[in-house]
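K.L.:
Below: one structure in C-alpha cells.
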Amino acid sequence: MRPLIVIGNWKMNGSLASNQDWVKTVARGMESGMPAGRKFVVCPPFPYLSQCAGMIKEHSLAFLSLGAQDVSAQSSGAYTGEVAASMLKEMGCSYVIVGHSECRLLHHEVDEVVAAKALEVLDNGMTPVICVGETADERNSGRAQEIVCGQVAKQVSVLQDRLADCLIAYEPVWAIGTGKVASAQVVQDMHRAIRLQLAEFDEDVASHVGILYGGSVKPDNAVELFAMPDIDGGLVGGASLNPQDFLAICQA
Ligand code: 13P
950 MRPLIVIGNW KMNGSLASNQ DWVKTVARGM ESGMPAGRKF VVCPPFPYLS
1000 QCAGMIKEHS LAFLSLGAQD VSAQSSGAYT GEVAASMLKE MGCSYVIVGH
1050 SECRLLHHEV DEVVAAKALE VLDNGMTPVI CVGETADERN SGRAQEIVCG
1100 QVAKQVSVLQ DRLADCLIAY EPVWAIGTGK VASAQVVQDM HRAIRLQLAE
1150 FDEDVASHVG ILYGGSVKPD NAVELFAMPD IDGGLVGGAS LNPQDFLAIC
1200 QA
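Residue 950 is where the sequence shown starts when you use the working numbering, and the numbers rise one by one after that.
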C-alpha cells in the first residue's frame, strides 16, 4: 500500500517571521493527530532550511519532514551558487525536488541533469521527487502522454531499479500557479500512463513508486484528486504558503 504524501513547495517565498508563524500554526493543527498512513513534507528556500529544521524539532513535529526545492548534480567543488545533496542531508532534509518545470525552464535543465540530481539525492540517503509534465501547447497538440512518458523513460534509463526509492510528481506546466487544475480524471489517466511506463521496466517498481500531482491543488479539489487510485498525494505550491490551507489539504 502506497502512503499518501503531501509536499508543500514554498518556492521563493517566506521570511524568518512568517516561517515561524507557519510552523506554529501547522504544529497546533497537527497536535490533535493526523490521518494514519500519510506523510507530510515542507520545502522552504535553502536559507530557511536550518530555521525550519530547528522549529520542526522544537515542536516535536513527528508528522512533518523537511525537503529542499533543488540540488546540484555535482557532489562538491567549484560550483558557485550550487548546493550539494550532502549539505541538504546535513540540514535535516529527507526529500529533494528535482526537475521542477521552473528549473527546467529558467535553468535550461534537461532530463539527463534531472537524473544526475536524483542520483545525488539517492546516494545521500534522501528521496528525490522527480517532476515531469507537459506544456499547454504539448497538451493542445495531443502529445501530453508522449511527452510525459518520454520524460519518465529517460529517468528509468538512468535510475533503473533505484526508481523504487523515488517519488514522481506529475505537474502539467499549464496548471502551475494558474488556478487551472487538471480534472481528477485527466490526472488519473496520466498517472496510470506513467505507472504503465514504469511497469515496462519493472512491475514491482511501478506498483511501489508514489506518483503525486501538482498544479493548483487547493483544499477544495484535493479530496477528489486524492481519491483516485493512482494519485498518491500532492505537490502543492501556492496553497502551501497558507498553513490552514496546507493543513486542510493534508487532511483531505
Ligand atoms: P501551484 O500549487 O501554485 O500551482 O504550484 C504547483 C507547483 O509547482 C508545486 O511544485
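All C-beta atoms, glycine included, are put in the ideal place defined by N, C-alpha and C.
Quick one, which of Pro984, Ser999 and Ile1143 has its alpha-carbon nearest Ser964's?
P.N.:
Stepping through the sequence shown from its first residue, residue 964 is reached at position 15. When each option's Cα is compared against that of Ser964, the closest is Ser999.
K.L.:
Suppose you measure from the CA of Gln1109 to the CA of Thr974; what does that come to, to the nearest Å?
P.N.:
Counting from one through the sequence shown, the residue named residue 1109 turns up at place 160. Counting from one through the sequence shown, the residue named residue 974 turns up at place 25. When rounded, the distance between both Cα atoms is 40 Å.
K.L.:
At a cut-off of 7 Å, would you count Ala1201 as near the ligand 13P, judging by its Cβ distance to the nearest heavy atom?
P.N.:
Along the sequence shown, read from residue 1 onward, the residue named residue 1201 stands at position 252. No, since every heavy atom of the ligand 13P falls outside the 7 Å radius drawn around the Cβ of Ala1201.
K.L.:
Which whole-angstrom value describes the C-beta separation of Gln1146 and Ala1102, a residue pair presumed to lie in contact below a C-beta threshold of 8 Å?
P.N.:
Here residue 1146 refers to the residue found at position 197 of the sequence shown. Here residue 1102 refers to the residue found at position 153 of the sequence shown. Correct: roughly 6 Å between the Cβ atoms.
K.L.:
Determine the direct distance from the alpha carbon of Val955 to that of Lys988, and round the result to whole angstroms.
P.N.:
Reading the sequence shown from its first residue, position 39 is the one you call residue 988. Reading the sequence shown from its first residue, position 6 is the one you call residue 955. Distance between the alpha carbons of Lys988 and Val955 is about 6 Å.
K.L.:
Taking 7 Å as the line, does the beta carbon of Glu980 fall inside it for any heavy atom of the ligand 13P?
P.N.:
Position 31 of the sequence shown, counting from 1, holds the residue named residue 980. No, the Cβ of Glu980 stays beyond 7 Å of every heavy atom of the ligand 13P.
K.L.:
Under DSSP, the alpha helix (DSSP H) around Lys1038 begins and ends at which residues?
P.N.:
Taking the sequence shown and counting its residues from 1, the one referred to as residue 1038 is at position 89. Element bounds for Lys1038: Ala1034 to Glu1039.
K.L.:
Report, in whole angstroms, the separation of the C-beta atoms of Ala1133 and Glu1069, which I expect to be a contact under 8 Å.
P.N.:
Reading the sequence shown from its first residue, position 184 is the one you call residue 1133. Reading the sequence shown from its first residue, position 120 is the one you call residue 1069. The Cβ separation is near 34 Å, so there is no contact.
K.L.:
Does DSSP put Gly1183 in a helix, a strand or coil?
P.N.:
Numbered from 1 along the sequence shown, position 234 holds the residue referred to as residue 1183. It is a strand residue.
K.L.:
Residues bridged to Asn958 by DSSP?
P.N.:
Here the question's residue 958 lines up with position 9 in the sequence shown. Paired residues: Cys992.
K.L.:
Would Asp1072 and Ala1034 be called neighbours here (beta carbons separated by less than 8 Å)?
P.N.:
Here the question's residue 1072 lines up with position 123 in the sequence shown. Here the question's residue 1034 lines up with position 85 in the sequence shown. Taking 8 Å as the Cβ cut-off, Asp1072 and Ala1034 qualify as a contacting pair.
K.L.:
Comparing alpha-carbon positions, which option in Asp1194, Ala1065, Val1097 and Val991 lies nearest Gly1023?
P.N.:
What you label residue 1023 is simply residue 74 of the sequence shown in a count that begins at 1. It should be pointed out that residue 1023 corresponds to Gln in this sequence rather than to Gly. In this structure, Ala1065 is the residue among Asp1194, Ala1065, Val1097 and Val991 with its C-alpha nearest to the C-alpha of Gln1023.
K.L.:
So, using beta-carbon positions, are Ile1160 and Asp1181 closer together than 8 Å?
P.N.:
Taking the sequence shown and counting its residues from 1, one reaches residue 1160 at position 211. Taking the sequence shown and counting its residues from 1, one reaches residue 1181 at position 232. For Ile1160 and Asp1181, yes; Cβs fall inside 8 Å.
K.L.:
Please state whether the Cβ-Cβ distance between Leu1184 and Glu1120 is less than 8 Å.
P.N.:
Locating residue 1184 in the sequence shown gives position 235, where the first residue counts as 1. Locating residue 1120 in the sequence shown gives position 171, where the first residue counts as 1. Yes, these two residues count as a Cβ contact at 8 Å.
K.L.:
Less than 7 Å separating the Cβ of Gly1163 from some heavy atom of the ligand 13P?
P.N.:
Locating residue 1163 in the sequence shown gives position 214, where the first residue counts as 1. Yes, the ligand 13P has a heavy atom inside 7 Å of this Cβ.
K.L.:
Give me the Cα-Cα distance between Leu1037 and Ser1043, rounded to the nearest whole angstrom.
P.N.:
Here residue 1037 refers to the residue found at position 88 when the sequence shown is read from its first residue. Here residue 1043 refers to the residue found at position 94 when the sequence shown is read from its first residue. Roughly 8 Å separates the two Cα atoms.
K.L.:
Mind checking if Asp1169 is an interface residue toward chain B, Cβ cutoff 8 Å exclusive?
P.N.:
No chain B appears in the structure shown, which is made up of a single protein chain.
K.L.:
Run through DSSP, which three-state label would Val1047 get?
P.N.:
Within the sequence shown, the letter at position 98 stands for residue 1047. If DSSP states are grouped into helix, strand and coil, Val1047 belongs with the strands.
K.L.:
By Cβ distance, which residues of its chain are closer than 7 Å to Ala1113, with the 5 residues on each side in sequence left out?
P.N.:
Along the sequence shown, one-based indexing puts residue 1113 at 164. Cβ within range, chain order: Val1154, His1157 and Val1158.
K.L.:
Would you report the Cα separation of Ala1027 and Val1020, rounded to the nearest angstrom?
P.N.:
Start at 1 with the first residue of the sequence shown, and residue 1027 comes out as number 78. Start at 1 with the first residue of the sequence shown, and residue 1020 comes out as number 71. Per the coordinates, the alpha-carbon of Ala1027 lies some 15 Å from the alpha-carbon of Val1020.
K.L.:
Take His1049 and list the residues in its own chain whose beta-carbon comes closer than 6 Å to its own, dropping the five residues that flank it on each side.
P.N.:
The residue given as residue 1049 occupies position 100 in the sequence shown. Answer for His1049: Cys1080, listed in chain order.
K.L.:
Quick check: does the Cβ of Glu1120 come within less than 7 Å of any heavy atom belonging to the ligand 13P?
P.N.:
Here residue 1120 is taken as the residue at index 171 of the sequence shown, counted from 1. Checking every heavy atom of the ligand 13P against the Cβ of Glu1120, one is found closer than 7 Å.
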